[in-house]
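Here it is as structure tokens:
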């Protein structure tokens, strides 16, 4: 059997589209092997790395992975742990020992003094078991309670695009709107401060046009910002070839 | 076999009542993403038969006793709008709707990667906005588009078509008069335009030869439907830029 690659990088594929033939290619995220062929599971864009083929979805829910920096909402609490909604098909648990650094005497303290129902926190996923029981931790330098503000949901697979290379895109928005923004890898965005409306508008635009190229230019133009000269240009070129690369999504962005 | 009010002949000079050839579809229209509140949505129309579907999930399954610790549960619901037919239909669940929901659910359980999201549920709600025969086929086609739009991992799209026997002749895409007064109505669903079947329903009597002839025609029809579904999905994501 001939080994043959049938798709280009960043090409749009639909569920069932044949991406490659032959056993030399291997199915990565978003694809599966059907006999001699590698097919797509999702509607998305092709990304390949050596022999591995992958599909970056254009829609879909967040699939939690250990180490992800996420924004979670406390939905319930028990004696020693909190139950949080993490914008995934499953709820997550934050143990008291993972949530609070100091010693807590449970006879004397009500744990709502740390986190109460409705609180929004930035935390890290500690572990995801096969049975999809998810544990969170505040043991991370970025982890903190987010006070006030509002949250917004975007498609989780588009978060890398919203953050940009080394946070370039989100910095651009923050700088030009003066808004505090925190992006979680689960697709929850927290905003607070001035010009929230404008920031939301930009985020929605990025979400809508995430699969197109030249997005930085569009955002710069929309915000009426002065385009950064030389550096910005080379960065944008890199972005066009490498955007959506998951390895570059070092957590969310926390910067106030 | 003839019922009251039936036209004398359903096929005249090789043409059907609405002027179609024997293996010709009614006008097919497919659209993606018109429902903003669902995670994915699709619509599909065979002429006057119009179906709209919204897909949700995978999301947490409630009540929890219905969770499957190893798999995603698929729940498809088929409803007809009260105004979809000439006589008003009582809205909500019905004997017929429950049966169709069940076969559609089973068809999609075969193509969705149920192991990827254990303990969760994928919901698909199919609403028949206008009914004029082969509503379940239009519903399945719309649901497949909705699921792809929602980003649910699937092996392939499901395409469906109804073939029938009218005046002892095999026809593709059964119309309303043909459904009411014809001899056989045979709904077939295949995976991705191939000849792998996930759903077959038939009423009426056929010979072995007729059955295989109908099946061949149905596979050919499903391929055509599949192309339309792909076209609709591609169009949505290539509209702006790229």
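Chains as they are written, first to last, in my numbering: chain V, -6 to 249; chain L, 164 to 405. Note that CB positions come from ideal geometry on N, CA and C, so glycine has one too.
Between which two residues does the beta strand (DSSP E) carrying residue -5 (chain V) extend?
Premise fails: residue -5 (chain V) is in no beta strand (DSSP E) and is neither H nor E.
Answer with buried or exposed for residue 317 (chain L), where buried requires no fewer than 16 other C-beta atoms within 10 angstroms of its C-beta.
buried
Within the same chain, show all residues whose beta-carbon is closer than 7 Å to that of residue 147 (chain V), passing over the 5 residues directly before and after it, in chain order.
155, 180, 182, 196, 200
Residue 117 (chain V) versus V:105, V:111, V:66, V:-1, residue with shortest Cα-Cα distance
V:66
Does any residue of chain V bring its CB to less than 8 Å from the CB of residue 363 (chain L)?
no
Which residues, in chain order, does the segment 2 to 21 of chain V contribute to contact with chain L at a C-beta distance below 9 Å?
3, 5, 7, 8, 9, 10
Can you give me the C-alpha to C-alpha distance between residue 215 (chain L) and residue 259 (chain L), rounded to a whole angstrom?
18 Å
Alpha carbon of residue 303 (chain L) to alpha carbon of residue 212 (chain L), nearest angstrom:
Going by the C-alpha atoms only, they are around 12 Å apart.
Secondary structure of residue 73 (chain V), DSSP reduced to three states:
Residue 73 (chain V) falls in the coil class under three-state DSSP.
Please report the distance separating the alpha-carbon of residue 125 (chain V) from that of residue 12 (chain V).
30 Å
Does DSSP put residue 68 (chain V) in a helix, a strand or coil?
DSSP places residue 68 (chain V) in strand when its eight states are reduced to three.
Could you spell out the range, first to last residue, of the alpha helix (DSSP H) harbouring residue 271 (chain L)?
258 to 272 is the extent of the alpha helix (DSSP H) around residue 271 (chain L).
Check the Cβ-Cβ distances between residue 212 (chain L) and every residue of chain V, and say whether any is below 8 Å.
By this cut-off, residue 212 (chain L) is not an interface position.
Cα-Cα separation, residue 255 (chain V) to residue 18 (chain V)
The structure shown does not extend to residue 255 (chain V), since chain V is modelled only from -6 to 249, so the question has no answer here.
Where residue 289 (chain L) and residue 238 (chain L) are concerned, what is the direct C-alpha to C-alpha distance, given to the nearest angstrom?
Rounded to the nearest whole angstrom, the C-alpha separation of residue 289 (chain L) and residue 238 (chain L) is 11 Å.
When the cut-off is 8 Å and only beta carbons count, does residue 404 (chain L) lie next to chain V?
Confidence in residue 404 (chain L) is poor, its pLDDT being 42 and thus under 50, which makes the residue's placement too unreliable to answer from.
List, in order along the chain, the chain L residues whose C-beta lies closer than 7 Å to that of residue 34 (chain V)?
276, 316, 317
What I want to know is whether the C-beta of residue 30 (chain V) ends up closer than 7 Å to one or more non-hydrogen atoms of the ligand ATP.
This structure does not include the ligand ATP; it has no bound ligands of any sort.
Output needed in chain order: residues of the segment 378 to 402 of chain L with a Cβ under 7 Å from some Cβ in chain V.
393, 396, 397, 400, 401
For residue 339 (chain L), which residues from the same chain have a beta carbon less than 8 Å from its beta carbon, with the 5 sequence-adjacent residues on both sides left out?
Taken in chain order, the residues that qualify are 211, 295, 296.
Between the alpha carbons of residue 228 (chain L) and residue 308 (chain L), how many angstroms are there, rounded?
If I take the Cα positions, the gap works out to 30 Å.
Is the separation between the beta-carbon of residue 200 (chain L) and that of residue 235 (chain L) shorter than 8 Å?
no
Beta carbon of residue 51 (chain V) nearer than 8 Å to that of residue 37 (chain V)
yes
Residue 139 (chain L) (DSSP reduced to helix, strand or coil)
Outside the modelled stretch of chain L, which goes from 164 to 405, sits residue 139 (chain L), for which no answer is possible.
Identify the continuous alpha helix (DSSP H) that holds residue 315 (chain L) and give its terminal residues.
Element bounds for residue 315 (chain L): n/a, residue is neither H nor E.
Is it true that the segment 131 to 144 of chain V meets the segment 102 to 113 of chain V, where meeting means three or more beta-carbon pairs spaced less than 8 Å apart?
yes
Pull up the distance between the alpha-carbon of residue 35 (chain V) and that of residue 25 (chain V), whole angstroms please.
Taking C-alpha positions only, residue 35 (chain V) is separated from residue 25 (chain V) by approximately 10 Å.
Counting C-beta neighbours from all protein chains within 10 Å, is the total for residue 143 (chain V) 16 or more, i.e. buried, or is it exposed?
exposed
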